[in-house]
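Structure, as structure tokens:
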Amino acid sequence: ASKGMWCPACRLAALAPTMQRDVLIALAKQSILSKLRLPDRPNITQPTSREALLMALRRMRVQRLDTATSPGMMPRLSLTLLSVLCTGSSTSRSVRLHFRFTQEPAGSTEILQATLYLFWAVPGPGTHPVTVRLLQSDPTGLNVTMASETRLEVQRTGWVTLDVSRAVQSLFGRGSQRLTVELEVMEDGGSPLLAGHRDSHWPFVAAQARARMPHRLQRR
Amino acid sequence: GINCSGDSRMCCRKEFFVDFKEIGWEDWIIQPEGYHMNYCAGLCPLHMAGIPGLAASFHTAVLNLIKANNADAAVDSCCVPTQRRPLSLLYYDRDSNIVKTDIPDMIVDACGCT
Numbered sequence: 206a207s208k209g210m211w212c213p214a215c216r217l218a219a220l221a222p223t224m225q226r227d228v229l230i231a232l233a234k235q236s237i238l239s240k241l242r243l244p245d246r247p248n249i250t251q252p253t254s255r256e257a258l259l260m261a262l263r264r265m266r267v268q269r270l271d272t273a274t275s276p277g278m279m280p281r282l283s284l285t286l287l288s289v290l291c292t293g294s295s296t297s298r299s300v301r302l303h304f305r306f307t308q309e310p311a312g313s314t315e316i317l318q319a320t321l322y323l324f325w326a327v328p329g330p331g332t333h334p335v336t337v338r339l340l341q342s343d344p345t346g347l348n349v350t351m352a353s354e355t356r357l358e359v360q361r362t363g364w365v366t367l368d369v370s371r372a373v374q375s376l377f378g379r380g381s382q383r384l385t386v387e388l389e390v391m392e393d394g395g396s397p398l399l400a401g402h403r404d405s406h407w408p409f410v411a412a413q414a415r416a417r418m419p420h421r422l423q424r425r
Numbered sequence: 017g018i019n020c021s022g023d024s025r026m027c028c029r030k031e032f033f034v035d036f037k038e039i040g041w042e043d044w045i046i047q048p049e050g051y052h053m054n055y056c057a058g059l060c061p062l063h064m065a066g067i068p069g070l071a072a073s074f075h076t077a078v079l080n081l082i083k084a085n086n087a088d089a090a091v092d093s094c095c096v097p098t099q100r101r102p103l104s105l106l107y108y109d110r111d112s113n114i115v116k117t118d119i120p121d122m123i124v125d126a127c128g129c130t
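Chains as they are written, first to last, in this note's numbering: chain W, 206 to 425; chain D, 17 to 130.
What follows is the structure in structure tokens.
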């Protein structure tokens, strides 16, 4: 700005705080609408229900036909499975999370890779040790065995990830679709759950999978 | 960049969050729940011209002062965004299609003097 001219931000500073807020909100609205090339906000008369949205997202899991297979073979479907926390229980130091994959019949899917995502809210600075145990239960849900145990060092609030490929592979291999994760923290070690967190911060498991095709037999 | 604190009058980044629920836009914007817009405010004295936040040094400030003293018609400097990042939106368009888009340069990450 040439000498004596106002900068755009200076004009904003000259306004009363409530007026500043109104101006900024108006600016945010205008900015989003213009970038989306919308003259006005869309009028949603019949919003899609959450169930319909989830159904649409499930359908989107079937992403593409895997064309990398050799000629003459049936293409195999690549899928991405998502499982959000279905239930959870907690004590002062430990939390149990239950994930359930609602996918195709057992045995029809081959898990390539799986990752557990946890949003950790640490109470203060420093390193917070967390023990993560992956538990597997039989189809009846009565017998629980520990598949693995990992110790994480959480340093700041944010998402932490853990490779759970083996556990999920073994799960699907045994025809079960329920994964239980137990988290144990030191005192005041923070928590990834349960109350007070927004839906977007819920723990989830994302897995890459491939549809298993039945063997083809040829008669000679 | 510098984030504004209570006693700072120099060019800094002020955090500003627009909650979509609060402005009645949650029915058409599915995700995220709000927009971390942020903005720049504060003074940009001549010796701070061209300093993006704290990235520059004492030497830059001194050089700027010399330039300013030698200039016949000195110009004022403005506090502006020097770093921005995109905003990802999942929303319903006018035909009720669900659209996912990244709008570039929407979130102010750092401020500095021009």
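No residue lacks a Cβ here, since even glycine has one placed at the ideal position from N, Cα and C.
Item	Value
Contact with chain D by W/A233, beta-carbon distance below 7 Å	yes
Nearest to D/S116 (by Cα), restricted to the options D/Y107, D/N19, D/G22 and D/I123	The question names Ser, but residue 116 of chain D in the sequence shown is Lys. Cα-wise, what sits closest to D/K116 is D/Y107.
Presumed contact (8 Å Cβ cut-off) between W/V373 and W/A412, rounded CB distance	6 Å
Members of the segment 106-119 of chain D that neighbour chain W once the beta carbon cut-off is set at 9 Å	Y107, Y108, D109, R110, D111, S112, I114, V115, T117 and I119
Segments of 4+ residues assigned as alpha helix (DSSP H) that fall wholly inside the segment 310-397 of chain W	370-378
Sub-7 Å separation of D/C56 and W/A214 beta-carbons	yes
Chain W contact for D/A57 (CB, 7 Å cutoff)	yes
Range of the contiguous alpha helix (DSSP H) that encloses W/S236	P222 to K240
From W/T336, W/A352, W/A233 and W/E389, residue whose alpha carbon lies closest to that of W/R383	W/A352
Option nearest D/Q47 by Cα separation, candidates D/G58, D/V34, D/L59 and D/N54	D/V34
Among W/F324, W/P328, W/R356 and W/G329, nearest to W/L339 - alpha-carbon criterion	W/R356
Cα-Cα separation between D/D121 and W/A233, rounded to whole angstroms	12 Å
Buried versus exposed call for W/W364 [16 or more other C-beta atoms within 10 Å across all chains shown]	exposed
Beta-carbon proximity of W/D245 to W/T320, cut-off 7 Å	no
Collapsed DSSP secondary structure at W/S275 in the structure displayed	Low confidence applies to W/S275: its pLDDT is 42, below 50, so where it sits in the model is not reliable, and the reading given next is rough at best. Here W/S275 sits in coil by DSSP.
Span of the beta strand (DSSP E), counted from its first residue to its last, around W/P213	First-last for W/P213: P213 to A218, but that is the alpha helix (DSSP H), not the beta strand (DSSP E).
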